[in-house]
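I have placed the structure first, in the form of structure tokens, so that the comments after it can refer back to it.
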Amino acid sequence: MVPTPDLSPATLAVTAGRPPRDPGAPVNEPLSWTSTYVADGPVDYGRGGNPVWTAFEETLAALEGGGTARLMASGMAATSAALSLLPPVRDGLVPLVVAPRHAYSGTTALLDDLAAAGQVVVRRVDVADTAAVATAAQGAALVWLESPTNPMLEVCDIAACAAAAHEAGALVVVDSTFATPLGQRPLDLGADVVVHSVTKYLAGHSDVVLGAVVTRDDGLAERLTRHRLLRGAIPGPAEAWLALRGLRTLPLRVERASANAAELARRLDALDHPALERVRHPSLPRDPGHDLASRQMLGYGAIVAVDVAGGEEAAERFVAATRVWLHATSLGGVESTLERRRRHAAEVDTVPEGLVRLSVGVEDVDDLWEDLVEALDAALDEL
Ligand SMILES: *Cc1c(COP(=O)(O)O)cnc(C)c1O
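Residue numbers (this note's numbering): -13 to 369.
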């Protein structure tokens, strides 16, 4: 069924990307285990397409407000595809990329590797500072934005930064993984390409690794599709099927997880606990990103960060002491997880040693709350 644009996201998540409503037809796109197709159809080979990819892509594009979505083998494959839009080094001129000083660590590492290979020059900025982004964008080929940022939850004015970047002639890519299409629509705000780690909220059950790009520019869509076809990092049909099943409940999961996150952030902020230095979540009126997020976003998202007093050791005691929250990396699943980000060598050193990122799930909020408070008490043990 082709979705009509007047439907709300909660409806589109359920109704888009379905087989035609013919008598006896399956309700869900069946899992297609095939590497090749009978000749003269729309797709001839499994590296070029799969009906389950198409069903997922139609649904995601509908949620982003229209455009072309392409499912990728991982969020990093989606990031690589977006970076393939950069011009090559020509006559010694190396393309300039403006990137957030705080971003997903894989994105930062990939840009560092490309810079070390002489393929890009990277200029890092605080993306919450629109004037700094506008200045840095002068001469840039691409401006990479992430909002809210991982793991500091800074909020970027996507419309203002995209306008400044376009004025400077740069392409604008937004990694919208934390917000999901239900939290913000970067293409409506002027971005050229949206990147998602489908691994996180879109699939939502911590059981697959996938990514996606979305654009409304047909020329860019063609290049992204060709990148996937020829670089060859493609999603498996079964992973795509699981992701599509997850996408059907995205509105329900995001609504519940975001409500839990805002409630936990509010309670933590009011707690006055000696092991707690700071709570970061754009729903909090005193958060630096609050006003902008209230205008730009359709929700505040379900990632919260807390700065544990006492740095690394206290934060490690905190994450080791929970029994409902799971100590694990990644985010966006139905289960609540938490992690001290600086335990990764790749995390930049402007992220506080004691910062713990909370990926709030869909469990009962009081169970999550009691567990957090007990773990904060445990963090104090050796202070
Ligand atoms: C996880 C993540 C990625 C990378 O996605 P993978 O699916 O792990 O490759 C990119 N950006 C953000 C914001 C992420 O959280």
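Positions of the beta carbon are idealized from the N, C-alpha and C atoms, including for glycine.
These numbers come from a predicted model, not from an experiment.
Is residue i close to ligand 1? I mean its beta-carbon at under 7 Å from any heavy atom of the ligand.
i           : result
residue 62  : yes
residue 164 : yes
residue 94  : no
residue 195 : yes
residue 132 : yes
residue 345 : no
residue 14  : no
residue 161 : yes
residue 66  : no
residue 286 : no
residue 192 : no
residue 183 : yes
residue 46  : no
residue 90  : yes
residue 17  : no
I need the straight-line Cα distance from residue i to residue j, nearest angstrom please.
i           : j           : result
residue -13 : residue 81  : For residue -13, the pLDDT reaches just 45, beneath the cut-off of 50, and the residue's location in the model is therefore unreliable, although a value from the coordinates is still provided. The straight-line gap from Cα to Cα measures roughly 42 Å.
residue -4  : residue 237 : 6 Å
residue 215 : residue 69  : 16 Å
residue 135 : residue 239 : 21 Å
residue 252 : residue 344 : 14 Å
residue 330 : residue 203 : 36 Å
residue 360 : residue 307 : 8 Å
residue 154 : residue 85  : 15 Å
residue 56  : residue 227 : 14 Å
residue 297 : residue 283 : 31 Å
residue 422 : residue 77  : Look at the range of the chain in this structure, -13 to 369, and you will see that residue 422 is not part of it.
residue 3   : residue 16  : 12 Å
residue 147 : residue 116 : 6 Å
residue 367 : residue 301 : 11 Å
residue 127 : residue 234 : 36 Å
residue 118 : residue 111 : 7 Å
Secondary structure at residue i, three-state DSSP: helix, strand or coil?
i           : result
residue 220 : coil
residue -5  : helix
residue 87  : coil
residue 50  : coil
residue 55  : strand
residue 291 : strand
residue 225 : helix
residue 71  : coil
residue 76  : strand
residue 22  : strand
Which first and last residues belong to the alpha helix (DSSP H) in which residue i is found?
i           : result
residue 255 : 236 to 255
residue 119 : 116 to 122
residue 278 : 276 to 282
Can you tell me where the beta strand (DSSP E) holding residue i begins and where it ends?
i           : result
residue 109 : 107 to 111
residue 272 : Premise fails: residue 272 is in no beta strand (DSSP E) and is neither H nor E.
residue 265 : 262 to 266
residue 141 : No beta strand (DSSP E) contains residue 141, which DSSP labels as neither H nor E.
residue 128 : 128 to 132
Q: Write down every uninterrupted run of the beta strand (DSSP E) in the stretch 299 to 358 whose length is 3 residues or greater and which is fully enclosed by it, in chain order.
A: Fully enclosed beta strand (DSSP E) runs of 3 or longer: 323 to 326, 341 to 345.
Which complete alpha helix (DSSP H) runs does the stretch 151 to 203 hold, if anything under 4 residues is left out? Segments of the alpha helix (DSSP H) lying fully in the stretch 151 to 203: 166 to 169.
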